[in-house]
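Visitor: Below: one structure in structure tokens.
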Amino acid sequence: MIHRWRSSTLRGPRHFVCLLATLAGLAGSSPAKAAPVFALAHDSTLVLRGVVDDVKSYRNDAFLVFTITPRTVLKGPAKAGVPIQLVEERVFGSEPPYFAQGAETLVFAVPLPSYSYYRQSLPPAEYWQWTDRHDNAQQIGPLADPEVADAVRAYLAVERTPESAAAELGRLLASASPRVRSDALDAVEHHPDVAAALGRSAMAPLVALFAEERVPVAERGAMLVRLARAGAPGSVVLAEPLVSKPGPLQAPAIEAMVALQRPLPEARLLEWSRSEDPALRLAALRGLARSRSRAALDRFAEVAASEKDPEVRSGAITALAQDGDAMAIPILVSVLDRDDTREVLAATNGLVRIGGEQAVAALSQALRRGSAKTAMAAAYALKAMQRADAEAILREQREQHPDPEVRRAIKMALGEKYEAHGE
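Following this note's numbering, the numbering of the sequence shown begins with 564 at its first residue and continues without gaps.
Right under this line is the structure:
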């Protein structure tokens, strides 16, 4: 069964990586994105397509009330032809209205809470509000597209089993509407049980899509990789024909096969890892990261030492950190004093994952002799290892390390307050 829509927040690396990200100035913001329509459909009490008959303003434009007459009710207690009232609360009173009078649109709504502020501001009536209050007029506008409404209707209509939902999502992933394709992909990523049910038959509509040029190649490549990483087994039917076919979809196809844990010939991966195409080099290196051969390790050592493209180098080190074993430790150690914080964090995270005395010794050396940034990363990594010998090193260096900033980082890693030691 498909359960309530889950948050899209992904779990990141261990907590020490999150803390150290500040050192790199990695924090940033991204443009607001409209809530996916299938997520809205799950979270809404009411879903309908209707016409905006009237718009009224209240409390000096702090509230707009839209009278909407449903033409089609897809979910909830409304009836076709019986108007509902939807409230837009405006912080500044100047935000564009959700809808223009006369517009026909898709509506996702939940009951407006009966707060006293609302009761005092609006005439007595039953009111609704938009389900995701972060959405604005610009994001809501595209929902006027009838194809989006048709997609939501079809998705809500299928029986709520992973298999039936997967069959419908396979069709929606091949929609002519970019919004529908994007939101269908989001739905797959947020429902592992549905992703697992996306077999070859459910993926059949996408075979034709991938053979056409109407969908940008970048979108097709990203979709292929995301489907594979979501665990959709049928994505292999899209990736296999593209793996050995030179072109912009070759690298995504290799990435997909790696994500699906479909082994590729090591000789080909080594060959592709020297391609002039950075994306192909990185995809091949990710495939090699699980190899334990001397040739693969030598190639990673070469990349760590001399790869010119920082994205390829960082991605390769991250892949080795995630999939390598103790034989990868010397390569990870070789990048600990780099300027690229991503590489340092990937290496320390990899040493934590691999574990063992050799990894503890490497991190101990990095803590004692590395740059301040490297030492801080090593401190959190040693704590994350949850070993007595690693903890003993931290407690020793908490008092002895010559850099006060590193000593503070050690105390933070140990969960101590700075003031407890006079700093």
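All residues carry an ideal CB built from backbone N, CA and C; glycine is no exception.
All of these numbers come straight from a predicted model, not from anything done at the bench.
1. Report the CB separation of GLU829 from LEU851 in whole angstroms; it is logged as a contact under 8 Å.
2. Give, in chain order, every unbroken run of the alpha helix (DSSP H) that is at least 4 residues long and sits entirely within the region 782-830.
3. Start and end of the beta strand (DSSP E) containing ALA650?
4. Cα-Cα, which of PHE662, TYR678, SER677 is closest to PHE671?
5. By DSSP, does THR608 sit in helix, in strand, or in coil?
6. At a cut-off of 8 Å, would you count ARG853 as near the ligand GDP, judging by its Cβ distance to the nearest heavy atom?
7. Helix or strand or just coil, what does DSSP make of LEU582?
8. Just how far apart, CA to CA, sit VAL645 and HIS605?
9. My guess is that ALA947 and VAL915 are in contact by the Cβ rule of under 8 Å, so how many angstroms apart are they, rounded?
10. LYS619 bridges to which residues according to DSSP?
11. For ARG837, which of helix, strand or coil comes out of DSSP?
12. Could you round the C-beta distance between ALA944 and ILE917 to whole angstroms and report it? I think they count as a contact, below 8 Å.
13. By the three-class DSSP mapping on this structure, what secondary structure does THR911 have?
14. So who's on the other strand from LEU525, going by DSSP bridges?
15. If you count every other CB in all the chains shown that lies within 10 Å of the CB of SER836, and 16 or more means buried, which is it?
16. Which residue wins for smallest C-alpha separation from LYS936, given the options VAL898, LEU637, ASP617?
17. In terms of residues, what are the limits of the alpha helix (DSSP H) holding GLN921?
18. GLN813 to SER798, Cα distance in whole Å?
19. Who are the near neighbours of ALA925 in its chain, counting only those whose CB is closer than 7 Å to its CB and skipping five residues on each side?
20. When the distance is taken between beta carbons, is PRO674 closer than 9 Å to THR608?
21. Only counting the same chain, and skipping five residues up and downstream in sequence, which positions put a Cβ closer than 8 Å to that of GLY656?
22. Any idea what DSSP makes of ARG723, helix, strand or coil?
23. Let me make sure I understand the geometry here. Which of THR635, TYR678, LYS638 has the alpha-carbon closest to that of GLU652?
24. Assuming LEU790 and VAL770 make a contact with CB atoms under 8 Å, what is their CB distance in whole Å?
25. May I ask you to report which of helix, strand or coil DSSP gives VAL898?
26. Is the Cβ of ALA889 closer than 9 Å to any Cβ of chain D?
27. Taking the C-alpha atoms as reference points, what is the distance between GLU689 and PHE601?
28. Where DSSP assigns a beta bridge to PRO674, which residues make up the other side?
29. Do you know how far the Cα of THR904 is from the Cα of LEU589?
30. By how many angstroms is the C-alpha of GLY639 removed from the C-alpha of ALA739?
31. Are there 16 or more other CB atoms within 10 angstroms of the CB of GLY613, so buried, or fewer, so exposed?
32. Excluding the 5 residues flanking ARG783 on each side, which residues of the same chain have their C-beta closer than 6 Å to its C-beta?
33. Where VAL610 and LEU805 are concerned, what is the direct C-alpha to C-alpha distance, given to the nearest angstrom?
34. Using the C-alpha atoms, what's the distance from ASN912 back to GLN960?
35. Hey, VAL788 and GLU818 are a contact pair by Cβ (cut 8 Å); roughly how many whole angstroms apart?
36. At the level of alpha carbons, what is the spacing between ALA793 and MET975?
Guide: With the structure as the only source:
1. Indexing the sequence shown from 1 puts residue 829 at position 266. Indexing the sequence shown from 1 puts residue 851 at position 288. Confirmed, about 7 Å.
2. 799-802, 813-822
3. Sequence index remark: in the sequence shown, residue 650 carries index 87 (1-based). Residue 650 is actually Val in this sequence, not Ala. Per DSSP, VAL650 belongs to the beta strand (DSSP E) from 647-652.
4. Along the sequence shown, read from residue 1 onward, the residue named residue 671 stands at position 108. Among PHE662, TYR678, SER677, the Cα nearest to that of PHE671 belongs to PHE662.
5. Working through the sequence shown from its first residue, we reach residue 608 at position 45. Coil, per DSSP.
6. In the structure shown, the ligand GDP is absent, as is every other ligand, since no ligand is present at all.
7. For the purposes of this step, residue 582 is taken as the residue at position 19 of the sequence shown. The predicted model places LEU582 with a pLDDT of 39, which falls under 50 and marks its position as unreliable; any figure quoted below should be read in that light. It is helical.
8. Counting from 1 along the sequence shown, the entry for residue 645 is found at position 82. Counting from 1 along the sequence shown, the entry for residue 605 is found at position 42. Roughly 23 Å separates the two Cα atoms.
9. Along the sequence shown, one-based indexing puts residue 947 at 384. Along the sequence shown, one-based indexing puts residue 915 at 352. Contact holds; Cβ gap of about 5 Å.
10. Numbered from its first residue, the sequence shown carries residue 619 at position 56. Bridge partners of LYS619: VAL628.
11. Along the sequence shown, one-based indexing puts residue 837 at 274. In this structure, ARG837 counts as coil in the three-state DSSP scheme.
12. On the sequence shown, residue 944 is found 381 positions in, with the first residue counted as 1. On the sequence shown, residue 917 is found 354 positions in, with the first residue counted as 1. About 11 Å; that fails the 8 Å criterion.
13. As a first step, residue 911 is located in the sequence shown; it is residue number 348 there, counting from the start. It is helical.
14. Shown here, the chain extends from 564 to 986; a query on residue 525 therefore has no answer.
15. Locating residue 836 in the sequence shown gives position 273, where the first residue counts as 1. With 16 or more Cβ atoms within 10 Å of its Cβ, SER836 is classed as buried.
16. For the purposes of this step, residue 936 is taken as the residue at position 373 of the sequence shown. The residue with the shortest Cα to Cα distance from LYS936 is VAL898.
17. The sequence position of residue 921 within the sequence shown is 358, counting from 1. First-last of the alpha helix (DSSP H) with GLN921: 920-932.
18. To locate residue 813, count along the sequence shown from 1; it is residue 250. To locate residue 798, count along the sequence shown from 1; it is residue 235. One C-alpha to the other measures close to 14 Å.
19. As a working note, residue 925 is residue 362 in the sequence shown. Same-chain partners within the cutoff: ILE892, VAL896, LEU914.
20. As a first step, residue 608 is located in the sequence shown; it is residue number 45 there, counting from the start. As a first step, residue 674 is located in the sequence shown; it is residue number 111 there, counting from the start. It is a contact, given that the beta carbons lie within the stated cut-off.
21. Taking the first residue of the sequence shown as position 1, residue 656 is located at position 93. Cβ neighbours of GLY656 beyond the five flanking positions: ASN623, ASP624, ALA625.
22. Counting from 1 along the sequence shown, the entry for residue 723 is found at position 160. Coil.
23. Mapped onto the sequence shown, residue 652 falls at position 89. The shortest C-alpha separation from GLU652 is found at TYR678.
24. Sequence index remark: in the sequence shown, residue 790 carries index 227 (1-based). Sequence index remark: in the sequence shown, residue 770 carries index 207 (1-based). So it is not a contact: roughly 13 Å between Cβ atoms.
25. As a working note, residue 898 is residue 335 in the sequence shown. Correct three-state label for VAL898: coil.
26. Chain labels in this structure do not include chain D; a single protein chain is all it has.
27. Against the sequence shown, residue 689 aligns to sequence position 126. Against the sequence shown, residue 601 aligns to sequence position 38. Straight-line Cα distance between these residues: approximately 25 Å.
28. To locate residue 674, count along the sequence shown from 1; it is residue 111. For PRO674, which the question treats as bridged, DSSP gives the partners TRP691.
29. Within the sequence shown, numbered from 1, the residue matching residue 589 stands at position 26. Within the sequence shown, numbered from 1, the residue matching residue 904 stands at position 341. Bear in mind that a pLDDT of 32 at LEU589, under 50, signals an unreliable position, so the number given afterwards is only what the model happens to contain. Distance between the alpha carbons of LEU589 and THR904: 9 Å.
30. The count along the sequence shown starts at 1 and reaches residue 739 at position 176. The count along the sequence shown starts at 1 and reaches residue 639 at position 76. Between ALA739 and GLY639, the C-alpha separation is close to 28 Å.
31. The residue labelled residue 613 in the question sits at position 50 within the sequence shown. Looking at its Cβ environment, which holds 16 or more other Cβ atoms inside 10 Å, GLY613 is buried.
32. Here residue 783 is taken as the residue at index 220 of the sequence shown, counted from 1. Once the five neighbours on either side are set aside, the close Cβ partners of ARG783 are PHE773.
33. Looking up residue 610 in the sequence shown gives position 47. Looking up residue 805 in the sequence shown gives position 242. The alpha-carbon atoms of VAL610 and LEU805 are separated by roughly 40 Å.
34. The residue labelled residue 960 in the question sits at position 397 within the sequence shown. The residue labelled residue 912 in the question sits at position 349 within the sequence shown. Approximately 20 Å, taken between the alpha carbons.
35. Translated into positions along the sequence shown, residue 788 becomes position 225. Translated into positions along the sequence shown, residue 818 becomes position 255. Yes, VAL788 and GLU818 are in contact; Cβ-Cβ is about 5 Å, under 8 Å.
36. Counted from its first residue, the sequence shown places residue 793 at position 230. Counted from its first residue, the sequence shown places residue 975 at position 412. So the alpha carbons of these two residues sit roughly 35 Å apart.
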